[in-house]
Every structure is written in structure tokens, then in C-alpha cells.
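A.B. asks: Once you've had a glance at the structure underneath, I'll fire off some questions.
Protein chains: 2
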Amino acid sequence: MSPDAGARIAVLLDLDAAQEARLRDGAGGAALAFLGAPTEDAPPDPRFLDCDAAFGNPPPCWIDAAPDLRWVQLESVGFGEYAGLDLDRQEGRIRLANLAGFFAEPVAESVLAGVLALYRALDRLIPLQANAEWVGDPIRPTMRLLAGRRVTLLGDGAINRRVAELLAPFGCAVARLARAASTADLDAALPQTDLLVAAVPDTPQTRGLFDRDRLARLPKQAVFVNVGRGSLVDEDALADALESGRLAGAVLDVTEAEPLPPGHRLWRAPNALLTQHTGGGTADEMDRKIEFFLDNLARYRAGAPLRSAVDFERGY
Amino acid sequence: MSPDAGARIAVLLDLDAAQEARLRDGAGGAALAFLGAPTEDAPPDPRFLDCDAAFGNPPPCWIDAAPDLRWVQLESVGFGEYAGLDLDRQEGRIRLANLAGFFAEPVAESVLAGVLALYRALDRLIPLQANAEWVGDPIRPTMRLLAGRRVTLLGDGAINRRVAELLAPFGCAVARLARAASTADLDAALPQTDLLVAAVPDTPQTRGLFDRDRLARLPKQAVFVNVGRGSLVDEDALADALESGRLAGAVLDVTEAEPLPPGHRLWRAPNALLTQHTGGGTADEMDRKIEFFLDNLARYRAGAPLRSAVDFERGY
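Protein chains in written order, with this note's numbering: chain Y, 1355 to 1670; chain A, 1355 to 1670.
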């Protein structure tokens, strides 16, 4: 079926009635199949296999099995799980679009929230409050300021560009390393870093980049923030560094395994703050995703280039 | 004893050996009596009664009882407890200096930390982490952004001036009300406020200013922040508003009673974040206070105007 004909679209999201209505309304004559969010190991839904477009994140094997599929609008920025697929296949090329830039504001605000929570002792004050336990003055000498810190931003995408803007009034010395920066540049920057904010995708270059040796290059007072993908860091080495006090803290929105298993060391590592991959969350998140999809649907029907088309070569 | 002679100084602070040495060193020929921080109801220390200057916050009755006392360098910004004293007394006028402006950076950072913690759900994520409990996605639709909020800053001192600077990149609509603003101005601003930050001292004008009626003027989505003095707000009315959901949240660095009693309603009020009067804390807080005192000591000895001399008429 050609892109300009009435599309058959699988919607792989858990939506409420108003959101379904908005999609029906915005999608004009398209045939929408509301299938809900699939689990990772679900077998392909037969209704999905009939579709030529999808909105949401199908398990990769579903894509292989759908002969008419021409476009998948992911509801995420990350797309590493689709890297192994043959999208230029014989049955017809599949275009993949992600939500690049979509989460910059919420994630950047969550970065600042997490860092300030550690610096201003909220990670201790909130549990004290749960016990109605007043400590007060003895906490004060343990508190730190963000003002004047040396910050290294790893990744030069929309998130870290926004983090840099939010940091401006704090008068930090900010070093920005694009993902293309050499590991030698990174290694030179780490010992001069009080706060490292990593916002890079999962690629062969970033996977395991923060191994034990590289983590050890950060000074003792440093705080390590990861809002990209959990694969960036050796989590055992990170837990060791936090437990031994060789690293002052970590704010982790992402982990290698999500959900993080109940017995995982990072749950209890001192001065770690785990935000459970909520960094991009906002009350109107799904509504904004729907508008993004409808905008790309118009482009798809017009045969125009998609917004945020994925480039596997670049890795984003 | 005249100010330019060797001073006898009571130090009412809990200091470590290095801090005592720095004071001795910086104070030249002064006779220093290290008495530690007194409790509120302690009887006057006889060594205090001999002194002509003090560094720290003596119980008010001690000041009345010390005939030679000419200068008290408080270690706080607040000085409401000294308002009833006769400082222009027959025995010789007592000058009082506070630490106005001293806490602007740490308190402003704590304000941002607290507000972002509520908006970015850290008040729920941190207790979940303590239980190694993953919730993840269902939290996302409950999260809010600071960007674009309508902010009212009550109090135009160093703290709120710094808060305004830190808010700049968030693109908030910021209304600034000096403490001298009329209650009519305040009442007009409240219904248009998503975030109220109060940083005003305890004065007859501010005491009880946020009564039940005034709190009710804030919209349902508003967050109330108080980093001045607990006397500003009717705490029962505030707890009612939080419990009933008529107010979205509160960040309280100060409360009417400190320590807050274990059974107090605010400990458990939903979406309240209590920071136990730590907002001004930093690792080098005491060292900075000592430098501030030594600077004023030089002025005192030279008979020059003191830095941050208290003006009871203005109330700051």
C-alpha cells in the first residue's frame, strides 16, 4: 500500500478514551488498531502484521514479521533494540522515527533536581521526614553548593544543551564534550570534573565507556549523572566507587536492567539517587507524543521526510 | 571599656580546634572566652557577663544582664527574639549585627532543590528507593515542569534576588513583591501564582500574614515555599490545604516550632517537603561566619559602622 492511501496503523500504547479520540480525529481516514503497549516477549499480534504503520515501540521481531510495514513512530528517543533489523528489506523499506529532542526540558529539569537534591541534602531530609525525625543543624556542614562547580557535559544533544542553559546562573565552569570527542579528551576532562552529566545514546562507542578505570579518573567529590542509557557504565564499578567513598554521588535515571531488580546493589549504594527512568515524564507527555505522531503522519502521507528519522549510521 | 582597647569577647559557638585557632589568630590581642552554643533557657554564664562583645546568639536575658556589652555579632539573619530588649540602655548602647545576605546562595539553591524535587517527583522516588521498589512509568504523568510557571517572590532581600537569578533560564513569569508591598497587592497576585516563595523576616507585618483566607487565594496547582520564618503562616490552615488537595505542595525550611514536634501534622501532610532549617547550610559555613565576624571586629575596634548592623525600625 502506498503511503498516500488510507493507512492501517497499529497503536501500541496504553491510551485513555480522550487520547484515542484525538488520534482518530487527527488521523483522518486511517484505520487505527489500538493494541495497547506490548510486553517485550509477546508474540506478534495478527492485527499488527496487517498494518503499514505503527505508533509505539513494537518488539523487534514483530517488525521482521510485518510484510506491509513502512513506518514506525517510536515513542522513545532510544532505538538501540532495533539496530539489528534489516529495514532496507526486500518487502519494502521501513522508516523509523524517534522522539529526538522531545524530552529535553523534563530531563534537564530532572538532572538539576537530582543534583541539587544531593548537594542540598534532600536525599537525607526526605527519609528523615518519613520518620518525623528532626536532625537540623548537624546536616548543615554536609551540604554543598552547585555554584562554581566544574561541570562536564558528555553528549551535545538537546538534553545537555538545555542542562547548560539551566546551569548558566550558577556560574559553573562548563566543558561540553560532543559524543564524537575522543576518549583521550574525556580522560583529560574527568580529573577536573565536579559534576559529570552523561546524556548519550547506546552505541558501540558509548557501551561500557565508563568502565572501572574511567570512573576512577573522577575526583572524590564528583557526582556522576546518567540520563542516557544504562549501558554507558559498569554498574559494579560504580557501586564500588560509591560504597568506598571514592565518588561523592550519582544520579541515575537509567540502569542496565529496567526495572532494576530488587536485590541490585545500586538500590542501596550510598549517595546514589535512582529516578527509575522517569526523567522525561510530564503530565501532558502522551498528548504531546500524539501531536508529534500526527505531525509525522501528515509527512508520511505526503511522502515527505519524517521529523526525527533515525539514522543508524550516526546512532541517533 | 572603649571599643579600641583589647576586647573581651564571648564566643557562643561550638567550634573545632582549627576554628578556635583562626579566631585567636584573627582577633589579635582580644581575650576570647569559648563558651559553646548556649541552650535557650540557660542562665547567664558568668564569663559572658564580663565581656564587651559576643559572637553567636546569646539568650536575650543574658544581654540584659551584661553591663559592659557593646556589640553582639549574631550568627543568624533572624533577630526577632532580640526585638524587646533595651539596647539604647543607660549602661551603654549595644550594637547588634546579623548576617544579612550571608545565606543567599545556599538558601536560593535549597529553594530550587525543593521546588524541583516536588515537580520532578523526587519526594516519591526517594522513599521508593529506600524500599528498593520500582514503579517507573506510572509516575511520569504525575510529573510537572518548572518552565513557564507564574512565580511570586515575597520579599526582596538577597535570597529572593538570587532565586530570581536562578529562575531566569526557566522562562517563568516572575512577580516580585517587596516586603513593603500592600496586602492588597499580595492578594491580587496570589490567584495568578503557581509558585510562591516567601523569604521575609519575622515582623509584626509578616506574622500570620498567610492566614487561612490568604492561603485559600492560591490556586489548586500552587506550591508554597517558606524560607523566612515559620511565624508567616497559619500551619493548621496550611496542613488543611495540603491534606484536602486545595494546595499542590509546600517546601518549608522553617516552622513555628523548631525542632518540629514529632506529632506535628506538617510531618505527614501530603506533598509537604520539610528541610529542617538547613537551607543556609554549607560545608564552610562556620569558617565563613568567622571571617565575617573578624571583618566586623576590625570595624568595631576602629569605631566604624558595622557591616549588617540591625535596624529594628526596618525589621532587618
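Idealized CB from N, CA, C, for every residue including glycine.
Out of curiosity, what's the CA-to-CA distance linking A:E1429 and Y:T1393?
C.D. replies: Going from the Cα of A:E1429 to the Cα of Y:T1393 covers about 59 angstroms.
A.B. asks: Evaluate A:P1412 with the Cβ neighbour count: other Cβ atoms within 10 Å of its Cβ, from every protein chain shown; 16 or more gives buried, anything less gives exposed.
C.D. replies: Burial call: buried.
A.B. asks: To the nearest angstrom, report how far apart Y:L1476 and Y:A1534 are at their CA atoms.
C.D. replies: Roughly 35 angstroms between the two C-alpha positions.
A.B. asks: Report buried or exposed for Y:S1483, applying the criterion of at least 16 other Cβ atoms within 10 angstroms of its Cβ.
C.D. replies: Ser is not the amino acid found at residue 1483 of chain Y; the sequence shown has Gln there. Burial call: buried.
A.B. asks: By the three-class DSSP mapping on this structure, what secondary structure does A:R1401 have?
C.D. replies: It is helical.
A.B. asks: Taking only three categories from DSSP, how would you classify Y:R1503?
C.D. replies: Three-state result, Y:R1503: coil.
A.B. asks: Mind checking if A:P1613 is an interface residue toward chain Y, Cβ cutoff 8 angstroms exclusive?
C.D. replies: Interface residue, yes.
A.B. asks: Pull out every residue of the segment 1447-1466 of chain Y whose Cβ sits closer than 7 angstroms to any Cβ of chain A, in chain order.
C.D. replies: The residues in question are E1459, P1460, E1463, S1464, L1466.
A.B. asks: Do A:V1587 and A:F1433 count as a contact pair if the criterion is CB distance below 8 angstroms?
C.D. replies: No, the Cβ-Cβ distance between A:F1433 and A:V1587 is not below 8 angstroms.
A.B. asks: Name, going along the chain, the residues of the segment 1492-1505 of chain Y whose beta-carbon falls closer than 8 angstroms to a beta-carbon of chain A.
C.D. replies: Flagged, chain order: I1493, R1494, P1495, T1496, M1497, R1498, L1499, L1500, A1501.
A.B. asks: In angstroms, rounded to a whole number, what distance separates the CA positions of A:L1386 and A:Q1559?
C.D. replies: For A:L1386 and A:Q1559, the distance between alpha carbons rounds to 38 angstroms.
A.B. asks: Under 8 angstroms, do A:A1553 and A:G1584 count as touching if we go by C-beta distance?
C.D. replies: The answer is no: Cβ separation not under 8 angstroms.
A.B. asks: Out of Y:R1516, Y:L1572, Y:R1655, state which residue places its alpha-carbon closest to the alpha-carbon of Y:P1545.
C.D. replies: Of the candidates Y:R1516, Y:L1572, Y:R1655, the one whose C-alpha sits nearest the C-alpha of Y:P1545 is Y:L1572.
A.B. asks: My understanding is that A:V1608 touches A:L1627, with C-beta atoms under 8 angstroms, so please give their C-beta distance in whole angstroms.
C.D. replies: The pair is not a contact, with the Cβ atoms about 13 angstroms apart (cut-off 8 angstroms).
A.B. asks: Can you give the Cα-Cα distance for A:D1638 and A:I1417, rounded to whole angstroms?
C.D. replies: Looking at the two C-alpha atoms, the distance is approximately 28 angstroms.
A.B. asks: Any beta carbon from chain A within less than 8 angstroms of Y:L1476's own beta carbon?
C.D. replies: Chain A contact via Cβ: present.
A.B. asks: By a C-beta neighbour count over all protein chains shown, 10 Å radius and 16 as the cutoff for buried, is Y:Q1630 buried or exposed?
C.D. replies: Buried, since its Cβ has 16 or more Cβ neighbours within 10 Å.
A.B. asks: Considering only C-alpha positions, which residue in the set Y:D1649, Y:L1592, Y:G1635 is nearest to A:R1494?
C.D. replies: Closest by alpha carbon: Y:G1635.
A.B. asks: Mark Y:A1623 as exposed unless 16 or more other C-beta atoms lie within 10 angstroms of its C-beta, in which case mark it buried.
C.D. replies: Y:A1623 comes out buried.
A.B. asks: Along the chain, where does the beta strand (DSSP E) that runs through A:L1531 open and close?
C.D. replies: Looking at the DSSP string, the run of the beta strand (DSSP E) that includes A:L1531 is 1527-1531.
A.B. asks: Who are the neighbours of A:W1621 on chain Y, taking C-beta pairs under 7 angstroms?
C.D. replies: Here the neighbours are Q1483, A1486.
A.B. asks: Buried or exposed: A:A1652, going by 16 or more other Cβ atoms within 10 Å of its Cβ?
C.D. replies: Exposed, by the Cβ-count rule.
A.B. asks: Would A:D1541 and A:R1504 qualify as a contact pair, given that the criterion is a beta-carbon distance under 8 angstroms?
C.D. replies: Contact flag unset, no.
A.B. asks: How long is the line joining the alpha carbons of A:L1592 and A:L1563, rounded to whole angstroms?
C.D. replies: Straight-line Cα distance between these residues: approximately 12 angstroms.
A.B. asks: CB-CB under 7 angstroms to A:F1647, same chain, minus the five flanking residues each way: which ones, in chain order?
C.D. replies: Excluding positions up to five away in sequence, the list reads F1409, Q1427.
A.B. asks: What does the Cβ neighbour count give for Y:A1527, buried or exposed, with the cut at 16 atoms within 10 Å?
C.D. replies: Exposed, because fewer than 16 other Cβ atoms sit within 10 Å of the Cβ of Y:A1527.
A.B. asks: If we ignore side chains and look at the alpha-carbon of each, how far apart do A:T1557 and A:A1462 end up?
C.D. replies: Rounded to whole angstroms, A:T1557 to A:A1462 spans 21 angstroms at the Cα level.
A.B. asks: For A:A1658, count neighbouring Cβ atoms within 10 angstroms of its own Cβ and tell me buried if that reaches 16, exposed if not.
C.D. replies: It counts as exposed.
A.B. asks: Determine, using beta carbons only, whether A:D1368 and A:G1390 come nearer to each other than 8 angstroms.
C.D. replies: Yes, they are a contact pair.
A.B. asks: Taking C-beta to C-beta, are Y:F1578 and Y:L1550 nearer than 8 angstroms?
C.D. replies: In contact: Y:F1578 and Y:L1550 (Cβ atoms closer than 8 angstroms).
A.B. asks: Taking CB distances under 8 angstroms as the criterion, tell me whether Y:P1659 reaches chain A.
C.D. replies: Chain A contact via Cβ: absent.
A.B. asks: Helix, strand or coil for Y:S1356 per DSSP?
C.D. replies: With a pLDDT of 45 at Y:S1356, under the threshold of 50, the predicted position of this residue should be treated as unreliable, and no value is reported.
A.B. asks: Within the same chain, show all residues whose beta-carbon is closer than 6 angstroms to that of A:D1370, passing over the 5 residues directly before and after it, in chain order.
C.D. replies: So no residue of the chain qualifies.
A.B. asks: Taking A:L1499 and A:V1469 to be in contact with their CB atoms under 8 angstroms, please state how far apart those CB atoms are, rounded to whole angstroms.
C.D. replies: So it is not a contact: roughly 11 angstroms between Cβ atoms.
A.B. asks: Evaluate Y:N1485 with the Cβ neighbour count: other Cβ atoms within 10 Å of its Cβ, from every protein chain shown; 16 or more gives buried, anything less gives exposed.
C.D. replies: When all chains shown are included, Y:N1485 counts as exposed.
A.B. asks: If we ignore side chains and look at the alpha-carbon of each, how far apart do Y:S1598 and A:R1655 end up?
C.D. replies: Rounded to whole angstroms, Y:S1598 to A:R1655 spans 49 angstroms at the Cα level.
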